[in-house]
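Residue numbers (our numbering): 1 to 198. For glycine and all other residues, C-beta sits at the position ideal for the given N, C-alpha and C.
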């Protein structure tokens, strides 16, 4: 993906996501407004993006930034807008270009982010740029993003196995489960390899 193809459609934005387990101090009910519950300064995905942008170096991406960009994928992000921003940053890193907030903003502008979808993405970029992610902690945030993605993948596997139980012929069920297990093992190995390279 190039930085010029990263503007998502409005349908990619989360709407009405329930923040399970989070309760307002003044209210006994759960917070159900995504924008009210979401704080970039406490979100590992936002902090990773922030740290990557602030790790920008005049001589080009650092070895640590390259390592993160080579390991973490946009699919590891749960928030579609953050995945889109990560793709822009990772593409800039891969192209050996500057990836500070202004450079990411410029890449979005070149991609045609002037419409409503772009407004949302630029708003999200502002929140990320001011989230307070420290460049020195980028690997730590990347570890959290990978860990959360690994854990979420088990929900996907569970749903796929449940669907297979209803729809696959019985002679394919075990092979289906084994294949899913291989995918999970690969994700686990990727996470541990990333941790071991520190």
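Residue 125 places its beta carbon 8 Å or farther from that of residue 168.
Each residue's CA atom was taken as its position, placing residue 171 and residue 164 some 11 Å apart. Between residue 59 and residue 146, the CB-CB gap reaches or exceeds 8 Å. Taking C-beta atoms under 8 Å as the contact rule, residue 88 and residue 70 fail to qualify, at a distance of about 16 Å.
DSSP, read as helix, strand or coil, puts residue 62 in coil. Distance check between residue 187 and each of 161, 72 and 116 places 72 closest, using alpha-carbon atoms only. Annotated as proximal: residue 47 and residue 141, with beta-carbon spacing under 8 Å.
If you ignore the 5 residues before and after residue 135, its C-beta comes within less than 6 Å of the C-beta of 51, 54 and 55, all in its own chain and listed in chain order. Around the Cβ of residue 127, a 10 Å sphere holds 16 or more other Cβ atoms; the residue is buried.
DSSP places residue 39 outside both helix and strand once states are collapsed to three, so it counts as coil.
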